[in-house]
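Peer 1: Supplied in structure tokens, the structure appears directly below.
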Amino acid sequence: MTKDQTLKYLREHKFDIAKAKAALIAGDIVFSAYVESDKITGVNYSPVFSYFGDKPPFYQIVVQFHMDSVGDKLYTDYLKDSKSLNKKIAKHQALTDKLDLFWAQYQKAKARKALSRADLLKWYKQLRNISTRWWYYGVIGEDKGQVIDRRVTPDFMKRHKLSQAQAEEIINVLSHPDEQAIFSLERKEFLNLCLYVQKHREAKSSVETLLKDIRIQTQVQHYIDQFFWFKTDFYDTKTITPRSLITDTLGELSQNPVSKIRKELTNIDKKFKDIHMQKQKLVAKMNLSKEDRQAIYFAQRVTHWVDQRKLGTMKNLYYLFNLLSDIAKHFGLTYHQASFYTVDEVERLLSTGKPLSAAELSARTDGVFLVYEKGHPTQTFYSPDSQEMLAATLQTDSRGTETATATMDNKESILKYLRGHELDVLKAKGALWIGDMAFSAYANSYKVAGINYSPVFSYFSSKFPFYKIVAASHHGLKEQVGDKLYEEYLKNPEILDKKIAKHQEIVRRLDQLWQKYEKAKSQDKFSRKDWLTWYAKFIDAATKWWHYGVIGEDKGYVIDRRVMPEIIKRHQIGPEKAREVTNILSHPDEPAIFSLERKSFLGICLYIKRHHGTKSPDTLLKDKGLSARLKNHIDNYFWSKTDFYSAQQITPQSLLKDAAEEISKRSLPDIKKEIIGIDKRFAHILAQRKQLMRRMKLSPADKKDLYFARRVVYWVDQRKLGMAKHFYYLFNFLSDIANHFGFTYHQASQYTVNELRNLLATGKKLSKRELTRRDAGVLLVHETDQPTQMFSGSDSQEILTVALQTDTKEIKGMVASTGGKKRLTGVARILFSPEDGKFNDGEVLVTSMTRVEFVPLMRRAKAIITDEGGLACHAAIVSREMGLPCIIGTKNATQVLKSGDKIEIDLEQGAVKAI
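All residue numbers in the sequence shown are consecutive under UniProt numbering, ending with 915.
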């Protein structure tokens, strides 16, 4: 995250903030582990923020939603498999045992000889490795058992018809562990030591005299062996020695008489026994169901784990701080200086012998703000930026809804997420298989996009449209991806062109892969193993394509949000004028790919009309000039009849059929006019751009922003081409698989990516019952590093209904093209696919978003309105080149309007209303 992104995130989220005195290195090892802990917890706990300075406290800052989600996932896993909880506890405790063993071995090694820098590096790496793994589990206890209040108590209230206060009191008793808390045990041991010292000391015995008493030495050592870690906090540790412990006991005895100490000891045991008795009475009195006992056991084990986690934390930090102290001494540093190193910097110090500069350490003592994100190195911000970030964090005003990712493994967690977020909903005709591949790639695209694009929801049924659902609003996923791209570009303009080049390279790989597959298919009969090999190659390449493809999801909306405001500010012009200027100046240097396809097709129509009239296809195919034109068109535009569901192959015969239909409705001059019009409109856009560039005094900042806009628009256009191409390859490959295994294309399209892989590996098909269930409607959940989850039946319908709910009836978007008009009226036609229904010439096409298959309808439309889109979207580019009025990015036009509505479109404000 950049500074601006961090501030935006901090201002828009609710946080759980922990304050304490702490060492930067301790926070670094903990929070670096937390953001990578999803391997253990199943929840993406990223980002985490922290602040450290010379003046305590430090701050640990996490999204509250993260902590809740970890606890909720733990409880959900437990309900599915009650053994999972004890397994996690056992693994965590085993890591604590490993830490103990490490420390014993380190102490022995240190006693044998003076440790060299290389020796210290070896021991440090060992500790770092074990400690990091310990904190992967440690994150689970961060909610301090609040999951019991959120999940166990409400269920208990419901089953036993209790008030919240009654239920909490009962759960507190029933969930109390069977063993005393570790800190109660320490206090008991210390008080017993005090009594022992009092019993065996003589009047006015000194510390030295008491230390010589063998009986007292034994008791002292017993205490230290168990509670050596007791004087450790998040900043440092004080080693408990026999001398310091005897001093403490004498201090306790000087303040409290023996009778009071005995009374405190008795009370510790009495309170624990009272709780235990209350528990027995409650169990006998209440009619506890199987569900009650299961939930109470969960609460009891979590309470025990949180207590043991405190012990593990203290041990962990004790070992770290003592080793850090040894490292500091080796390099002549103070402990305080060493405490401001990060984990990586200590390792670098031990590897190279080069400490941080005095200036760097001084800057850190002034206050640093650290940002931890999954898959990214820790970012450090210094004063005054760090102070600004901390101030933003500590604001007490209400914040926006979290966009943090939680594992969505039950209907309730999904409904909670959907109701708590403004959503961006895309509707289209689509195949489940392709949606699973694309959206799973989106959810794991953070390595390329730099943003955690998760969760993504999608809904499929035999009744189109399908739906893609992601968090929207001003801090939505698509906006974050666009912002990240823009901010990276401002820092290093080469990044944008590099990403475009890498994306296009993957398209070339897919082209080559298809050619090799076609050649192999024509030469050999494939075994199931061959199918599996080819499948793996296609899915791997396509998934990588979608990792980059997510960047274009905002359809250039980043231009509206980031570039246009800068143009307004620098040139003191209004939003409408700025949008017009930005539209023209960001238009690509080459015509859109869909305009080129249309020209090629019209050229074929023109050739036939001029030379052959209405001759039969067989006769036409004998014309070598026409055959060459047909081949050229198919070679360049074989993908043009591909959508999200299937791909139609274009053959010379099908192309001639389309041409015959076009010719039957058009005169020769009319076809010529359209070809000239395509070139004329594009030339007019370029002329406007040239005129504007001459007229406006563009600063270097303007030119940089406009280059970004033009490259993004180009990329989004090329993204459409790459998508259509690889959909063509994948859908044809899917059709071949369906034919090989003897089922229909539609049945094959209902498989997930992994299910189809399993089919090719084992030959095992989905049952007819399962395919019927999917036809009725299923909702898929795609999350970072998680397998796709599927909900069906009433659950999927309920989730979809919540996702599609909208309270607003106002329709407002961005003006992508005025078509030379300020206002117009027309009749709306809602279509999510060109095959959805009849479209009459001159109607207003209202859809979620346009794609290549919509172009014929767009030519017949009076205007276009879309839910989706930014300045670089398909509808924006094509409408500008067609000279059509177009409003994009309304979000809700398809939900508010109905086919047949008479509507008015304001092409200055981007507003639409039914009249």
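Heads up, the beta-carbon is just placed ideally off N, CA and C, and yes, glycines get one too.
Give me whichever residues DSSP pairs with C886 in a beta bridge.
Peer 2: Paired residues: S817, I864.
Peer 1: Assign H474 to one of three DSSP states: helix, strand, or coil.
Peer 2: Because H474 sits at a pLDDT of 36, beneath the cut-off of 50, its placement in the model cannot be relied upon, and the following sentence gives the value as read from the coordinates. Three-state result, H474: coil.
Peer 1: Please report the distance separating the alpha-carbon of E402 from that of L10.
Peer 2: For E402, the predicted structure reports a pLDDT of 33, less than 50, and the residue's modelled location is therefore unreliable. The matter cannot be settled from this model.
Peer 1: If I follow the unbroken alpha helix (DSSP H) through G556, where does it start and stop?
Peer 2: Careful: G556 lies outside any alpha helix (DSSP H) and carries neither H nor E.
Peer 1: Specify, as a first and last residue, the run of the alpha helix (DSSP H) that Y382 falls within.
Peer 2: That residue, Y382, is in no alpha helix (DSSP H); its beta strand (DSSP E) goes 379-382.
Peer 1: How is the alpha helix (DSSP H) around D906 delimited, first residue to last?
Peer 2: Per DSSP, D906 belongs to no alpha helix (DSSP H); it is in the beta strand (DSSP E), 902-906.
Peer 1: Do the CB positions of K21 and F234 come within less than 8 Å of each other?
Peer 2: The answer is yes: Cβ separation under 8 Å.
Peer 1: Considering only C-alpha positions, which residue in the set K281, K329, M849 is nearest to A114?
Peer 2: It is K329 whose Cα lies nearest to the Cα of A114.
Peer 1: Straight-line CA distance for T6 to E488?
Peer 2: Each residue's Cα considered, the two are about 14 Å apart.
Peer 1: For the beta strand (DSSP E) containing S796, list its first residue and its last residue.
Peer 2: First-last for S796: 793-804, but that is the alpha helix (DSSP H), not the beta strand (DSSP E).
Peer 1: Could you check the C-alpha separation between Y645 and S413 for me, to the nearest Å?
Peer 2: Whole-angstrom Cα-Cα distance: 30 Å.
Peer 1: Under DSSP, the beta strand (DSSP E) around T847 begins and ends at which residues?
Peer 2: Segment 844-847, the beta strand (DSSP E) holding T847.
Peer 1: In whole angstroms, give me the CA-to-CA distance for G770 and S440.
Peer 2: The question names Gly, but residue 770 in the sequence shown is Glu. Each residue's Cα considered, the two are about 21 Å apart.
Peer 1: Span of the alpha helix (DSSP H) holding V173?
Peer 2: Segment 164-174, the alpha helix (DSSP H) holding V173.
Peer 1: For T41, count the other beta carbons within 10 Å of its own beta carbon; 16 or more makes it buried, fewer makes it exposed. Which is it?
Peer 2: Burial call: buried.
Peer 1: What is the rounded straight-line gap between the Cα of R399 and the Cα of T393?
Peer 2: Residue placement at R399 is poorly supported in this model, since its pLDDT is 32, which falls under 50; the coordinates still yield a value, given next. Spanning the two alpha carbons is a distance of roughly 10 Å.
Peer 1: For D554, which residues in the same chain have their Cβ closer than 8 Å to its Cβ, ignoring the five residues on either side in sequence?
Peer 2: Closer than 8 Å at Cβ, skipping near neighbours: K478, E479, V481, G482, G870.
Peer 1: In the DSSP assignment, what residue or residues form a beta bridge with R823?
Peer 2: D906.
Peer 1: Buried or exposed: where does E868 fall if 16 or more other Cβ atoms within 10 Å of its Cβ makes it buried?
Peer 2: So E868 ends up on the buried side.
Peer 1: When you compare each of Y319, F190, I246 to I268 by their alpha carbons, which one comes out closest?
Peer 2: Nearest C-alpha to I268: F190.
Peer 1: Identify every residue that forms a DSSP beta bridge with H782.
Peer 2: H782 is bridged to V456.
Peer 1: Use the C-beta contact count for S32: other C-beta atoms within 10 angstroms, 16 or more gives buried, fewer gives exposed.
Peer 2: So S32 counts as buried.
Peer 1: Are the CB atoms of Y548 and H503 within a distance shorter than 8 Å?
Peer 2: Yes, they are a contact pair.
Peer 1: Ordered along the chain, which non-local residues of its own chain (more than five positions away) have a Cβ less than 8 Å from that of H376?
Peer 2: G450, listed in sequence order.
Peer 1: Should S244 be labelled buried (16 or more other beta-carbon atoms within 10 Å of its own) or exposed?
Peer 2: So S244 counts as exposed.
Peer 1: Just verifying my parser: in three-state terms, what is the DSSP assignment at T396?
Peer 2: Confidence is the limiting factor: at T396 the pLDDT is only 41, short of 50, which leaves the residue's position unreliable and the question unanswerable from this model.
Peer 1: Rounded to whole angstroms, what is the Cα-Cα separation between I261 and Y78?
Peer 2: About 42 Å.
Peer 1: Do three or more CB pairs link the region 623-637 to the region 678-690 at distances below 8 Å?
Peer 2: Cβ pair count under 8 Å is below three, so no.
Peer 1: Q164 CB to nearest chain D CB: under 8 Å?
Peer 2: Absent here is chain D; the protein component of the structure consists of one chain.
Peer 1: What residues are listed by DSSP as bridge partners for T96?
Peer 2: DSSP lists no partner for T96.
Peer 1: From this set, Y51, F854, S184, which residue's C-alpha is nearest T642's C-alpha?
Peer 2: When each option's Cα is compared against that of T642, the closest is F854.
Peer 1: Is L602 helix, strand or coil by DSSP?
Peer 2: Helix.
Peer 1: Output needed for Y341: all residues of its chain with C-beta closer than 6 Å, excluding positions within five of it in sequence on either side, in chain order.
Peer 2: Hits under 6 Å: I25.
Peer 1: Confirm, please, whether the CB-CB distance from M790 to L804 is below 8 Å.
Peer 2: No. Outside cutoff.
Peer 1: Determine whether the beta carbon atoms of G53 and D366 lie at a separation below 8 Å.
Peer 2: Cβ distance < 8 Å, so G53 and D366 count as in contact.
Peer 1: Run the CB neighbour count on Q750, radius 10 Å, all protein chains shown included, and call it buried at 16 or more, exposed below.
Peer 2: Per the 10 Å Cβ criterion, buried.
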